[in-house]
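Colleague: All residue numbers for the sequence shown refer to the working numbering, where the first residue is 9 and numbers rise by one.
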Amino acid sequence: MPGPARPPRPHTLLVTGAGGAGRSTLAAAAASAAARRGHRTLLLSQEPADRLAALLGCAPPEHPGSPWEAAPGLWTLQVDAVRAFRTALLGLQERLRGALDHLGATPLDEDELLELPGAGEFALLRALTEASAATGEEPGGVAEPGGAAEGERGPARPGGWDTVVADLPPVRQTVPLLALPEVLPRYLRRLAPPERQAARALRPVLAQLAGVPVPGARLYETTAEWQRALAGVRRAVTGPHVRVRLVTEAGPLALRALGTARAALALHGLPVDSVAVNRLLPDGSADPWLAEAAGTQRRALRELRAECAADGVPLLELPHLGHDPCGPGDLAALDLPAVPPDSPASTPASAATAPGAAPQVEDRLDEDGELVWPLPVPGADKAELGLVRRGDELIVDVGPHRRVLELPSALRRCRVAGAALEEGELRVRFVPDPGLWPTPS
Numbered sequence: 009m010p011g012p013a014r015p016p017r018p019h020t021l022l023v024t025g026a027g028g029a030g031r032s033t034l035a036a037a038a039a040s041a042a043a044r045r046g047h048r049t050l051l052l053s054q055e056p057a058d059r060l061a062a063l064l065g066c067a068p069p070e071h072p073g074s075p076w077e078a079a080p081g082l083w084t085l086q087v088d089a090v091r092a093f094r095t096a097l098l099g100l101q102e103r104l105r106g107a108l109d110h111l112g113a114t115p116l117d118e119d120e121l122l123e124l125p126g127a128g129e130f131a132l133l134r135a136l137t138e139a140s141a142a143t144g145e146e147p148g149g150v151a152e153p154g155g156a157a158e159g160e161r162g163p164a165r166p167g168g169w170d171t172v173v174a175d176l177p178p179v180r181q182t183v184p185l186l187a188l189p190e191v192l193p194r195y196l197r198r199l200a201p202p203e204r205q206a207a208r209a210l211r212p213v214l215a216q217l218a219g220v221p222v223p224g225a226r227l228y229e230t231t232a233e234w235q236r237a238l239a240g241v242r243r244a245v246t247g248p249h250v251r252v253r254l255v256t257e258a259g260p261l262a263l264r265a266l267g268t269a270r271a272a273l274a275l276h277g278l279p280v281d282s283v284a285v286n287r288l289l290p291d292g293s294a295d296p297w298l299a300e301a302a303g304t305q306r307r308a309l310r311e312l313r314a315e316c317a318a319d320g321v322p323l324l325e326l327p328h329l330g331h332d333p334c335g336p337g338d339l340a341a342l343d344l345p346a347v348p349p350d351s352p353a354s355t356p357a358s359a360a361t362a363p364g365a366a367p368q369v370e371d372r373l374d375e376d377g378e379l380v381w382p383l384p385v386p387g388a389d390k391a392e393l394g395l396v397r398r399g400d401e402l403i404v405d406v407g408p409h410r411r412v413l414e415l416p417s418a419l420r421r422c423r424v425a426g427a428a429l430e431e432g433e434l435r436v437r438f439v440p441d442p443g444l445w446p447t448p449s
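And the structure:
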């Protein structure tokens, strides 16, 4: 008899885009709009707490590191990267104490730990994972399992969020960040293959023969815990409950950057909810400089409209307020659509672009003698695409972004015959390898 249905995950909006385009402001505006619609909303951001408080028009938090209510129905969590990094590293050090003692290592003290580059992104991803966990589900994390004390797993504990809005870094850092739950397990499988655990009984003998300790059960147990934690992260950042909003400004380089971002996100199975064009100047200014700047924006905006309309992606055009947005009045003036679960953007993605899933192989053996693997890369430019076959994997590049895809079983017995960019898809053609393809008996 089936158990009770698991409560749904909160609708999750990931806000990223060009650096300096106003991502934090528009993330706050989206969260504020969702809260005004009556949805219990959490805004996650790495912005300093006083900056967030000024943006939302509320008092700074009394207890940093925990969500605070910035407005009715709207909670905000300022992700403390330094604190999260120290907690995770000290936890990992404790778990590896035996190996470190064997090497004669001197343990690190908390007060000497400085934040490393990228620690903030890891902390934000962990907070997003915990906040996005369905009610009653144990949240995962990317930090060392068990490294944080129970009281430090803050964002998931209030629970019951209807909407979670994450203010993410620029898209150049966001794409690899969201790809981590897929990439790291692959590395772990290579570094600590599960089949090696079968030799557990031989470890003492091997250690004496080799003269050095052989990795013990603890290594594999820790690896398994990391695998489970990463699976939790993957559930949080992929699925029909997740949408991505790209923020840009209308400039001469916006179209190319937008195309690369959309293609990279689509390649990783992350659907774009909408594109927000921020800080649009009004037409008809008597000031020659403003009139010229507005004209440049309008020309770029026409290109962005055409690009988004061709692929059915909503384009949100947001005005320049003449000052830095500050307070609920300014956030409401941006007129940014809310992101509640019943919005059209929450419609589940099609099977071809399901988050985290690989597209289906098209069987064209009878017509052309080929199998075709269509990979979604909407907005991509042919010059920025790269393709390499490596054993049973296909490595695909979109500009600076990369995804390593495991080939379906049928394609592992084939050779790559070519590829073409057609209507937003990279269509990779395969032909059967006579030495591997089964022949009729």
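Using N, Cα and C, we set each Cβ at its ideal position, and we do this for glycine too.
I need the DSSP call for His331, collapsed to helix, strand or coil.
Modeller: coil
Colleague: According to DSSP, which residues form a beta bridge with Arg48?
Modeller: For Arg48, which the question treats as bridged, DSSP gives no partner whatsoever.
Colleague: For Ala135, is the classification buried or exposed, using 16 other Cβ atoms within 10 angstroms of its Cβ as the cut-off for buried?
Modeller: buried
Colleague: Which complete alpha helix (DSSP H) runs does the segment 49-131 hold, if anything under 4 residues is left out?
Modeller: If we require 4 residues or more, the alpha helix (DSSP H) runs fully inside the segment 49-131 come out as 57-64, 89-103 and 105-110.
Colleague: Thinking Ser53 and Gln101 are a contact (beta carbons under 8 Å), I'd like their distance in whole angstroms, please.
Modeller: The Cβ separation is near 29 Å, so there is no contact.
Colleague: From the DSSP output, in three-state form, read off Gly149 for me.
Modeller: Residue placement at Gly149 is poorly supported in this model, since its pLDDT is 48, which falls under 50; the coordinates still yield a value, given next. Of the three classes helix, strand and coil, the one that applies to Gly149 here is coil, per DSSP.
Colleague: How is the beta strand (DSSP E) around Pro384 delimited, first residue to last?
Modeller: Glu378 to Pro384
Colleague: Using the DSSP secondary-structure output, state which residues sit across from Thr268 in a beta bridge.
Modeller: Note: Thr268 sits in no beta bridge, so no partner.
Colleague: Using DSSP with H/G/I as helix, E/B as strand and the rest coil, what is Asp319?
Modeller: helix
Colleague: Let me know the secondary structure DSSP gives Glu433 once reduced to three states.
Modeller: Here Glu433 carries a strand assignment [DSSP, helix/strand/coil].
Colleague: Would Arg242 be called buried (16 or more neighbouring beta carbons within 10 Å of its own) or exposed?
Modeller: buried
Colleague: Hey, would you say Ala187 sits closer than 8 Å to Leu132, going by beta carbons?
Modeller: Going by C-beta atoms, Ala187 is not nearer than 8 Å to Leu132.
Colleague: Can you say whether Trp297 is buried or exposed, counting buried as having 16 or more other CB atoms within 10 angstroms of its CB?
Modeller: exposed
Colleague: Tell me the residue span of the alpha helix (DSSP H) that contains Val369.
Modeller: No alpha helix (DSSP H) holds Val369; DSSP gives it neither H nor E.
Colleague: Hey, how far is the Cα of Arg397 from the Cα of Leu51?
Modeller: 41 Å
Colleague: On the DSSP bridge assignment, give the partners of Ala35 in chain order.
Modeller: Note: Ala35 sits in no beta bridge, so no partner.
Colleague: I need the straight-line Cα distance from Leu97 to Leu121, nearest angstrom please.
Modeller: 9 Å
Colleague: Please name the residue or residues paired with Asp175 in a DSSP beta bridge.
Modeller: Val23
Colleague: Can you name the start and end residues of the alpha helix (DSSP H) that Asp338 belongs to?
Modeller: Pro336 to Ala341
Colleague: Distance check for Leu273 and Thr361, CA to CA, integer angstroms please.
Modeller: Low per-residue confidence applies at Thr361: pLDDT is 40, beneath 50, and the placement is therefore not dependable, though the value from the model is reported in the following sentence. Those two C-alpha atoms are separated by around 10 Å.
Colleague: If you reduce the DSSP assignment to three classes, tell me which class Gly399 lands in.
Modeller: coil
Colleague: Provide the residue(s) that pair with Leu324 in DSSP beta bridges, ordered along the chain.
Modeller: Ala284
Colleague: Does the segment 104-116 come close enough to the segment 70-82 that 3 or more CB-CB pairs lie under 8 Å?
Modeller: no
Colleague: Quick one: is Glu70 buried, meaning 16 or more other Cβ sit within 10 Å of its Cβ, or exposed?
Modeller: exposed
Colleague: Quick check on DSSP: helix, strand or coil for Pro416?
Modeller: coil
Colleague: DSSP beta-bridge partners for Ala427?
Modeller: Val436
Colleague: By Cβ distance, which residues of its chain are closer than 6 Å to Leu63, with the 5 residues on each side in sequence left out?
Modeller: Ala36
Colleague: Quick one: what's Asp405 bridged to in DSSP?
Modeller: Bridge partners of Asp405: Gly394 and Arg410.
Colleague: Identify which residue in Ala92, Gln235, Gly259 and Arg45 has its Cα closest to the Cα of Gly303.
Modeller: Gly259
Colleague: In three-state DSSP terms, what is Leu254?
Modeller: Of the three classes helix, strand and coil, the one that applies to Leu254 here is strand, per DSSP.
Colleague: Would you kindly check if the distance between the Cβ of Leu413 and the Cβ of Val430 is under 8 Å?
Modeller: For the sequence presented, residue 430 should be read as Glu rather than Val. Taking 8 Å as the Cβ cut-off, Glu430 and Leu413 do not qualify as a contacting pair.
Colleague: Under 7 Å Cβ to Cβ from Leu124, same chain only, skipping five residues before and after it: list those, please.
Modeller: Phe93
Colleague: Can you list, in chain order, the residues of its chain with a C-beta nearer than 8 Å to that of Leu261? Leave out the 5 residues immediately preceding and following it.
Modeller: none
Colleague: Say whether the segment 409-426 touches the segment 179-196, bearing in mind that this needs 3 or more beta-carbon pairs closer than 8 Å, one atom from each stretch.
Modeller: Contact between the segment 409-426 and the segment 179-196 is present, because at least three Cβ pairs lie under 8 Å.
Colleague: Using 10 angstroms around the beta-carbon of Ala5, count the other beta-carbons present and answer buried if the total reaches 16, otherwise exposed.
Modeller: Nothing about residue 5 can be read from this structure; the chain reaches only from 9 to 449.
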